[in-house]
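Worksheet: the structure to be examined is printed underneath.
Number of protein chains: 2
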Amino acid sequence: MHEPLPPGSVIGILGGGQLGRMLSVAAARLGYKTAIFEPGSDCPASHVANFHMRAEYEDEAALRNFAESVDVITYEFENVPTSALDILDLLCPIRPGREALRISQDRIIEKDFLSGLGLQVAPYRAVNSENDLRVAVDEIGAPAILKTCRFGYDGKGQARLSSPDDIAQAWAIMKGAPSVMEGFVSFSHEVSVIAARGLDGSVAAFDPGENVHEGGILRRTTVPATLTATERADSVLLAANILNALDYVGVLGVELFVTRQGLIVNEIAPRVHNSGHWTQQGCAVDQFEQHIRAITGWPLGDGTRHADVMMENLIGDDVTRLPDLAKEQGVAIHLYGKADVKPGRKMGHVNRITG
Amino acid sequence: MHEPLPPGSVIGILGGGQLGRMLSVAAARLGYKTAIFEPGSDCPASHVANFHMRAEYEDEAALRNFAESVDVITYEFENVPTSALDILDLLCPIRPGREALRISQDRIIEKDFLSGLGLQVAPYRAVNSENDLRVAVDEIGAPAILKTCRFGYDGKGQARLSSPDDIAQAWAIMKGAPSVMEGFVSFSHEVSVIAARGLDGSVAAFDPGENVHEGGILRRTTVPATLTATERADSVLLAANILNALDYVGVLGVELFVTRQGLIVNEIAPRVHNSGHWTQQGCAVDQFEQHIRAITGWPLGDGTRHADVMMENLIGDDVTRLPDLAKEQGVAIHLYGKADVKPGRKMGHVNRITG
């Protein structure tokens with residue numbers, strides 16, 4: 001058995017965005033302090049954390065200093081540079097572990113890993129040249145989608161191919177980066193499972209949520225999702241399968257396409273996930289606390305859903321709707337403290353209790 | 001109409017305890033930053049606030065500096081020295097206003113105020129000498145309770161009188177401080193109403209909670225409380241009456257005795273209140289956010305109760321029960337980040353969702 005980190009311990013979080021912000025609040029609720037590592041000034045997480053180390057990921061002294069001043073390290077984004085992890089790793093436990101990052105940092109490694117577990121993924125081909133892309137379109141067909149293997153998020157680093165005519169243009173968008181072409185999947189809708197695995201190996205999953213994207217960005221998540229009993233069970237088992245295979249510690253997000261051929265894994269994220277924000281209003285223990293519990297050695301908490309919830313992101317000037325949202329019944333508002341409103345920028349979200 | 005304080009504004013909070021901590025988190029959720037004024041180091045609120053001004057309430061330069069760096073000032077305890085308020089007041093709005101503090105800082109002024117509104121309070125007499133106390137016991141009878149007029153909380157500065165024989169001993173406990181003797185009220189139970197009034201004068205109240213004290217400290221609050229429909233309506237109207245009379249802005253706690261003669265006001269607190277912590281799990285908008293909404297000019301939020309909740313304080317070594325509580329179904333844990341466990345010290349609370 002693991003003894004949990006004692007109260008007053010410091011949790012280091014790599015990344016200072018809204019996920020780090022909500023992780024910090026959850027950590028405080030369990031009596032922990034937080035330290036944020038983030039190059040940007042006045043970042044969302046710094047407003048609610050004890051410490052903000054403002055430094056670049058190339059700053060080795062800062063990394064060492066950070067790792068020595070915290071008791072465990074976690075992260076709010078998967079693209080943490082390997083060189084930084086190499087330094088931190090020697091001084092402090094990183095949870096979830098390196099293997100989860102290695103796999104989720106590269107779309108091809110991730111798809112190979114998932115296929116290797118016997119899970120369904122969309123047909124895919126590695127693409128390192130325009131010619132590779134031409135061969136891939138030949139083999140898999142169009143429509144298809146081309147994505148950089150690394151550093152893509154919220155629809156960035158992606159290009160759609162409606163027909164072979166789009167090959168040159170799509171490849172140009174990748175700017176020569178190693179890429180992956182994915183065949184189009186005919187799915188009725190997308191769901192995601194937010195699951196957790198504790199230091200003791202126990203696994204828990206929140207009720208799957210149904211996601212709607214617009215322009216490559218998550219627009220809303222609704223629970224309960226439209227799923228058969230079998231699909232619901234499959235989705236949770238599949239998440240547990242991934243967690244165990246990675247000897248994972250923490251919360252993991254799994255995006256799934258619901259198809260006539262069963263559930264197809266779109267992608268995994270080794271962190272708390274936007275589609276799990278509904279848990280703040282729907283469960284006694286939300287995804288942020290579940291993550292903190294896991295990485296600090298607490299038992300996983302009760303994530304039973306006790307309400308129907310619709311989470312909606314406030315993107316860009318959606319925030320101008322706040323005066324109306326503030327008066328609505330059953331609406332919980334969560335703003336991220338970002339100073340400037342920009343198109344496509346996640347400024348906050350609302351959780352609507354619908355039943 | 002008032003425009004709400006713009007996002008990114010700074011809310012100054014006097015006092016760095018758990019109430020300031022939970023107010024800070026609520027402020028962050030609405031996109032605000034917080035600054036804590038608190039003489040103690042490493043205080044609970046500082047862990048989740050942007051700034052911590054560590055200074056004494058006698059430090060005029062620090063007070064001025066603080067007031068100039070924030071956009072509105074609120075407080076988490078009612079015993080803010082008047083001299084400090086005089087300095088802050090000139091530089092920054094204080095909400096709730098001075099009148100609420102003047103009244104709640106002195107038990108006799110408070111009781112005079114409540115009686116003046118036509119509300120029932122326990123029989124009381126001002127006591128400034130052992131002889132005053134003798135006269136009071138003569139007029140009101142024993143058992144009774146003697147309290148210092150100012151600076152009492154959690155059962156401190158109080159003495160019970162079972163009979164006239166206790167007069168000398170009870171007066172000695174007051175150490176010469178101006179005091180008030182209250183006649184014993186025969187009540188079936190205690191409830192409290194957490195109510196709010198916005199900058200626009202609108203009023204909202206949470207469902208009353210039923211309180212159980214042990215050793216002068218709140219042990220637990222249960223919602224829904226045992227109340228008839230009439231008592232429930234009376235309790236809310238009475239709270240609204242107090243809020244309006246004070247031209248109040250923010251959240252107010254009203255403790256009430258439930259008796260055969262109707263509701264008797266025990267005391268009021270011009271701030272968020274321990275007996276309102278259940279709202280964190282029971283409502284879309286909890287008491288902390290409701291307070292922040294009120295003082296920043298937002299519309300009051302939806303405080304409808306959507307669950308039955310039992311809040312229990314974790315006092316002193318109650319925290320040793322955490323390993324078991326952490327595994328319980330429907331339990332949400334809230335720790336305050338206090339470094340040392342002391343008898344009688346509020347270390348945290350749990351909200352149990354019971355239905």
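Going down the list, the sequences are from chains Z and P.
Last residue of the first sequence: number 355 in UniProt numbering, and the count goes up by one each step with no gaps.
Last residue of the second sequence: number 355 in UniProt numbering, and the count goes up by one each step with no gaps.
Don't be surprised by glycine CBs; every beta carbon is placed ideally from N, CA and C.
Query, Result
"6 Å Cβ shell around Gly-276 of chain P - same chain, five flanking residues per side excluded", "Ile-194, Gln-287"
"For Ser-275 of chain P, three-class secondary structure by DSSP", "helix"
"Three-way DSSP call (helix, strand, coil) for Met-310 of chain P in this model", "strand"
"Helix, strand or coil at Met-174 of chain Z according to DSSP, with G and I counted as helix", "coil"
"Residue interval of the alpha helix (DSSP H) (run including Glu-76 of chain Z)", "Element bounds for Glu-76 of chain Z: n/a, residue is neither H nor E."
"Partner residues on chain P for Asp-302 of chain Z, Cβ-Cβ distance less than 8 Å", "Glu-328, Gln-329, Gly-330, Val-331"
"DSSP-derived helix/strand/coil call for Lys-147 of chain P", "strand"
"Segment limits, beta strand (DSSP E) that includes Val-285 of chain P", "Where Val-285 of chain P is concerned, there is no enclosing beta strand (DSSP E), given that its DSSP letter is neither H nor E."
"Runs of alpha helix (DSSP H) lying entirely within the segment 23-82 of chain P, each at least 4 residues, in chain order", "60-69"
"CA-to-CA distance, Leu-335 of chain P to Leu-101 of chain Z, given in whole angstroms", "31 Å"
"Proximity test, Ala-61 of chain Z beta-carbon vs the ligand HEM heavy atom, cut-off 7 Å", "Because no ligand of any kind appears in the structure shown, any question about the ligand HEM cannot be addressed here."
"Candidates P:Gly-344, P:Leu-237, P:Gln-169, P:Thr-148: closest to residue 370 of chain P by CA position", "Missing from the structure shown is residue 370 of chain P; chain P here goes from 1 to 355 and no further."
"With 16 other Cβ atoms within 10 Å as the buried cut-off, status of Glu-68 of chain Z", "exposed"
"Contacts that His-334 of chain P makes with chain Z (C-beta to C-beta distance below 8 Å)", "Arg-29"
"Beta-carbon gap between His-291 of chain Z and Val-272 of chain Z smaller than 8 Å", "yes"
"Helix, strand or coil at Ser-162 of chain P according to DSSP, with G and I counted as helix", "coil"
"Lys-111 of chain P beta carbon less than 8 Å from that of Val-121 of chain P", "yes"
"Under the three-state DSSP convention, the category Phe-257 of chain P falls into", "strand"
"Best match in P:Gly-355, P:Thr-354, P:Ala-225, P:His-349 for proximity to Arg-29 of chain Z [C-alpha to C-alpha]", "P:His-349"
"Simplified DSSP state of Ser-179 of chain Z, which is helix, strand or coil", "strand"
"Distance, Ile-268 of chain P Cα to Cys-149 of chain P Cα", "13 Å"
"Endpoints, alpha helix (DSSP H) assigned at Ser-192 of chain P", "First-last for Ser-192 of chain P: 189-197, but that is the beta strand (DSSP E), not the alpha helix (DSSP H)."
"Sequence-distant residues of the same chain with beta carbon closer than 7 Å to Gln-18 of chain Z, five excluded per side", "Pro-44, Tyr-336, Lys-346"
"Validate contact between the segment 128-137 of chain Z and the segment 177-195 of chain Z using beta carbons, cut 8 Å, 3 pairs", "yes"
"CB contact below 8 Å: Ala-307 of chain Z versus chain P", "yes"
"Proximal residues of chain P, C-beta to C-beta of Val-249 of chain Z below 9 Å", "Result: empty, since nearest Cβ-Cβ is about 16 Å, beyond 9 Å."
"Own chain, CB closer than 8 Å to His-306 of chain Z, minus 5 neighbours either side, in chain order", "Gly-282, Cys-283, Ala-284"
"Secondary structure, beta strand (DSSP E): runs of 3+ residues fully inside the segment 214-267 of chain P", "217-223, 250-259"
"Neighbour flag for Ala-26 of chain Z against chain P, beta carbons, 8 Å", "no"
"Contact the segment 233-249 of chain Z vs the segment 164-175 of chain Z: 3+ CB pairs below 8 Å", "no"
"Beta-bridge partners of His-334 of chain P, as assigned by DSSP", "P:His-349"
"Buried or exposed by the 16-neighbour rule on C-beta atoms within 10 Å, applied to residue 399 of chain P", "Any property of residue 399 of chain P remains undetermined from this structure, which presents chain P solely from 1 to 355."
"Chain-ordered neighbours of Lys-33 of chain Z on chain P, where CB pairs are closer than 8 Å", "His-47, Gly-337"
"Minimum Cβ-Cβ distance from Ile-353 of chain Z to chain P less than 8 Å", "yes"
"Distance CB(Arg-64 of chain P)-CB(Leu-85 of chain P) smaller than 8 Å", "no"
"Beta-carbon proximity of Thr-279 of chain Z to Tyr-32 of chain Z, cut-off 8 Å", "no"
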